[in-house]
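If you read the sequences in order, they're chains A and B.
Under this note's numbering, think of the first position of the first sequence as 34, with each following residue one higher.
Under this note's numbering, think of the first position of the second sequence as 34, with each following residue one higher.
A virtual CB, placed ideally from N, CA and C, is assigned to each residue, including glycine.
To start, the structure itself, in structure tokens.
There are 2 protein chains.
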Amino acid sequence: MKEKSVCNCGSCQNQLCARRVPIFSGLDPAELSRMAALITKKRYEKNELIIMEGSIPESLIIIEKGQVKVFRYTHEGKEQILYIFSEGDFFGEKNLLKRHEATYNVEAMEATHICMINKKDFQKLLIEYPEIGIKIIEELGSRMDKLESSIQSMGTKSIESRINGILLDFAAKYGRKHTKGVLVELPLSREGIANYIGTARETVSRKLGVLQDEGVIEMIGNKKILILNMRALEE
Amino acid sequence: MKEKSVCNCGSCQNQLCARRVPIFSGLDPAELSRMAALITKKRYEKNELIIMEGSIPESLIIIEKGQVKVFRYTHEGKEQILYIFSEGDFFGEKNLLKRHEATYNVEAMEATHICMINKKDFQKLLIEYPEIGIKIIEELGSRMDKLESSIQSMGTKSIESRINGILLDFAAKYGRKHTKGVLVELPLSREGIANYIGTARETVSRKLGVLQDEGVIEMIGNKKILILNMRALEE
DNA sequence: CGGGCACTTGATAGTAATCAAGTCCGGTGG
DNA sequence: CCACCGGACTTGATTACTATCAAGTGCCCG
Numbered sequence: 034m035k036e037k038s039v040c041n042c043g044s045c046q047n048q049l050c051a052r053r054v055p056i057f058s059g060l061d062p063a064e065l066s067r068m069a070a071l072i073t074k075k076r077y078e079k080n081e082l083i084i085m086e087g088s089i090p091e092s093l094i095i096i097e098k099g100q101v102k103v104f105r106y107t108h109e110g111k112e113q114i115l116y117i118f119s120e121g122d123f124f125g126e127k128n129l130l131k132r133h134e135a136t137y138n139v140e141a142m143e144a145t146h147i148c149m150i151n152k153k154d155f156q157k158l159l160i161e162y163p164e165i166g167i168k169i170i171e172e173l174g175s176r177m178d179k180l181e182s183s184i185q186s187m188g189t190k191s192i193e194s195r196i197n198g199i200l201l202d203f204a205a206k207y208g209r210k211h212t213k214g215v216l217v218e219l220p221l222s223r224e225g226i227a228n229y230i231g232t233a234r235e236t237v238s239r240k241l242g243v244l245q246d247e248g249v250i251e252m253i254g255n256k257k258i259l260i261l262n263m264r265a266l267e268e
Numbered sequence: 034m035k036e037k038s039v040c041n042c043g044s045c046q047n048q049l050c051a052r053r054v055p056i057f058s059g060l061d062p063a064e065l066s067r068m069a070a071l072i073t074k075k076r077y078e079k080n081e082l083i084i085m086e087g088s089i090p091e092s093l094i095i096i097e098k099g100q101v102k103v104f105r106y107t108h109e110g111k112e113q114i115l116y117i118f119s120e121g122d123f124f125g126e127k128n129l130l131k132r133h134e135a136t137y138n139v140e141a142m143e144a145t146h147i148c149m150i151n152k153k154d155f156q157k158l159l160i161e162y163p164e165i166g167i168k169i170i171e172e173l174g175s176r177m178d179k180l181e182s183s184i185q186s187m188g189t190k191s192i193e194s195r196i197n198g199i200l201l202d203f204a205a206k207y208g209r210k211h212t213k214g215v216l217v218e219l220p221l222s223r224e225g226i227a228n229y230i231g232t233a234r235e236t237v238s239r240k241l242g243v244l245q246d247e248g249v250i251e252m253i254g255n256k257k258i259l260i261l262n263m264r265a266l267e268e
């Protein structure tokens, strides 16, 4: 019988999953393995729906790998994207106690692995390890910051500042340094960007065109953008 | 020496304050009185600034009585109102651990009494009574719901739906039933409403005018609105 | 009664939505 | 390897909405 250097049993794999998640970062190994026992995993393919508006989610969901978009449908039937979550992010924390309907859809943007923790279990966990609650409060706080900024920039009316804002967000999350600037692999199509900032596809095209003419960015194909002048975006 | 039926010592008054606050509603009397010892009270007059953007708040603040608006300044210098808080609401929960700068201003809209709890004390409290953390997570969840709805309606572009939305919010919070419909005492001037939904004063006037012509609402002076057809606002 | 402030109303101009072609690109099949 | 097809993107023309500027009105308060 050969000894493995890395344990591959289900529990230990889950533990790896749990360890990777910021909200559990304060726990010690023993606590992590208790956690791990509560985790169920699941895998979704690209474009698969993870949560549908109106359903009643019974678990807290943590993304282990991959990327999802959270959105609602407007009255006119367009989707309004609220968040893009990736590895380490969680959702479903609303309705922790009350069995509320979800007010949003969650869809995998690529092959995505998730960890689920039953809400009852998670509640017990919160009582036992209040630090987790504090971490969650902090994370929610920073999400609210972003939402508030979005509202501010949507109130400002100028589509330009919203585009600048989203480009900066993408740069921070997906950008890589490059000799001439920051190279950003766009996670969304033009239409997706439009649905994020609440405008029309065509307008996104036009505004990006203007930014390119001004020498602020350079479009490389449809899915990459090279940001040449970061400061211009920040105003 | 006469015995009073109601104790008026500082501690007990604070306890009253604490009891009134939803996030402490799970605590028993003994716990409440421990809480009360940590509370400092303060009073602000109308238009007085409670928190200024860029300052570093050191306390969690709970409103005991009165009403405040939370807002930021846009690049053009207009204020963008994010929340209106009243009795029982709290703020300053961001930056619970990290000493971040406030990203918003808070101003009293009328004479307002607040309770402050030092952040260090509050952290200890969270560790000791994890239920408080859960309550906060829930409250933040419902605030995020509202923010998300705002984003959705701002993405929708139609000023009308934003006005309808804010009227419904006001109706829920400040409305009283009346023979013909719901009478709403507006907490904000036309300009305030405009700053809330991100539009111009004049546009608010015009749209309210249209709603009145359509028989959906009836304006009574400048500070009251009688909603005749609730369903029309909900679409 | 008069002044100031909040609100309303009107006219104009600018911006983005919408409708409508047209272009570019990747993939597929011959 | 090339030609074709479809989807995503760009570009153009028109229309609709709302911000802005500018008077004008009404109301509260001294």
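Run down chain B in chain order and give the residues with a C-beta less than 7 Å from the C-beta of residue i.
i, result
"Pro-163(A)", "Leu-159, Ile-160, Pro-163 and Gly-166"
"Leu-115(A)", "Glu-181 and Ile-184"
Could you name the residues of chain A that residue i contacts, counting a contact when the two beta carbons are closer than 8 Å?
i, result
"Asp-178(B)", "Lys-127 and Thr-136"
"Thr-107(B)", "Gln-185, Gly-188 and Thr-189"
So is residue i in contact with chain A if we call contact Cβ pairs under 8 Å?
i, result
"Glu-140(B)", "no"
"Leu-266(B)", "no"
"Val-39(B)", "A caution first: Val-39(B) carries a pLDDT of 47, below 50, which makes its placement in the model unreliable, though a value can still be read off. No, no contact with chain A."
"Ile-56(B)", "no"
Report the partner residues of residue i according to the DSSP bridge assignment.
i, result
"Arg-76(B)", "His-146(B)"
"Gln-185(B)", "The partner list for Gln-185(B) (beta bridge, DSSP) is empty, contrary to what the question assumes."
"Gly-208(A)", "Val-217(A)"
"Phe-155(A)", "In the DSSP output, where bridge partners are listed per residue, Phe-155(A) has none listed."
"Met-252(B)", "Ile-258(B)"
"Lys-98(A)", "His-146(A)"
"Phe-203(B)", "Phe-203(B) is not bridged to any residue."
"Leu-93(A)", "Ile-150(A)"
Chain B partners of residue i, CB-CB under 9 Å?
i, result
"Ile-170(A)", "Glu-126, Lys-127, Leu-129, Leu-159, Gly-166, Ile-169, Ile-170 and Leu-173"
Can you tell me where the beta strand (DSSP E) with residue i in it begins and where it stops?
i, result
"Glu-224(B)", "Run containing Glu-224(B): none in the beta strand (DSSP E); it sits in the alpha helix (DSSP H), 223-230."
"Leu-82(B)", "82-84"
"Leu-115(B)", "112-119"
"Glu-109(B)", "Neither: Glu-109(B) is in no beta strand (DSSP E) and is coded neither H nor E."
"Asn-138(B)", "138-141"
Between which two residues does the alpha helix (DSSP H) containing residue i stretch?
i, result
"Phe-57(A)", "It is not in any alpha helix (DSSP H) - Phe-57(A) carries neither H nor E in the DSSP assignment."
"Lys-13(B)", "The structure shown has nothing for residue 13(B), since chain B only spans 34 to 268."
"Ala-265(A)", "263-267"
Considering only the alpha carbon of each residue, which of the options lies closest to residue i?
i, options, result
"Arg-105(A)", "Phe-118(A), Val-139(A) and Tyr-77(A)", "Val-139(A)"
"Ile-96(A)", "Met-142(A), Leu-130(A), Gly-231(A) and His-108(A)", "Met-142(A)"
"His-146(B)", "Lys-256(B), Ile-56(B) and Glu-78(B)", "Glu-78(B)"
"Glu-126(B)", "Ile-114(B), Ile-169(B) and Thr-107(B)", "Ile-169(B)"
"Glu-64(B)", "Gln-156(B), Asp-122(B), Arg-52(B) and Thr-107(B)", "Arg-52(B)"
"Met-252(A)", "Ile-230(A), Ser-92(A), Arg-223(A) and Gly-110(A)", "Arg-223(A)"
"Ile-56(A)", "Val-103(A), Ile-89(A), Phe-123(A) and Leu-71(A)", "Phe-123(A)"
"Gly-87(A)", "Glu-134(A), Glu-181(A), Ile-167(A) and Arg-264(A)", "Glu-134(A)"
"Cys-148(A)", "Tyr-162(A), Gly-99(A), Gly-174(A) and Lys-131(A)", "Gly-99(A)"
"Phe-203(B)", "Glu-218(B), Lys-190(B) and Glu-193(B)", "Glu-218(B)"
"Gly-121(B)", "Pro-220(B), Val-101(B) and Ile-184(B)", "Val-101(B)"
"Ala-70(A)", "Ile-84(A), Lys-111(A) and Phe-155(A)", "Phe-155(A)"
"Thr-212(B)", "Ile-260(B), Ile-150(B), Val-103(B) and Leu-129(B)", "Ile-260(B)"
"Gly-198(B)", "Leu-173(B), Ser-182(B) and Val-103(B)", "Ser-182(B)"
"Tyr-229(A)", "Asn-255(A), Ser-186(A) and Gly-242(A)", "Ser-186(A)"
"Thr-232(A)", "Ile-72(A), Pro-163(A) and Ser-194(A)", "Ser-194(A)"
"Gln-245(B)", "Arg-176(B), Ile-196(B), Tyr-207(B) and Arg-234(B)", "Ile-196(B)"
Taking Cβ-Cβ distances shorter than 8 Å, what residues in chain B pair up with residue i?
i, result
"Gly-231(A)", "Ile-184, Met-187, Gly-188, Thr-189 and Lys-190"
For residue i, would you say it is in contact with chain B, using Cβ-to-Cβ distances shorter than 8 Å as the test?
i, result
"Leu-261(A)", "no"
Taking 7 Å as the cut-off, does the CB of residue i come closer than this to any heavy atom belonging to the ligand SAM?
i, result
"Val-237(B)", "Looking at this structure, you won't find the ligand SAM or any other ligand, since it has none at all."
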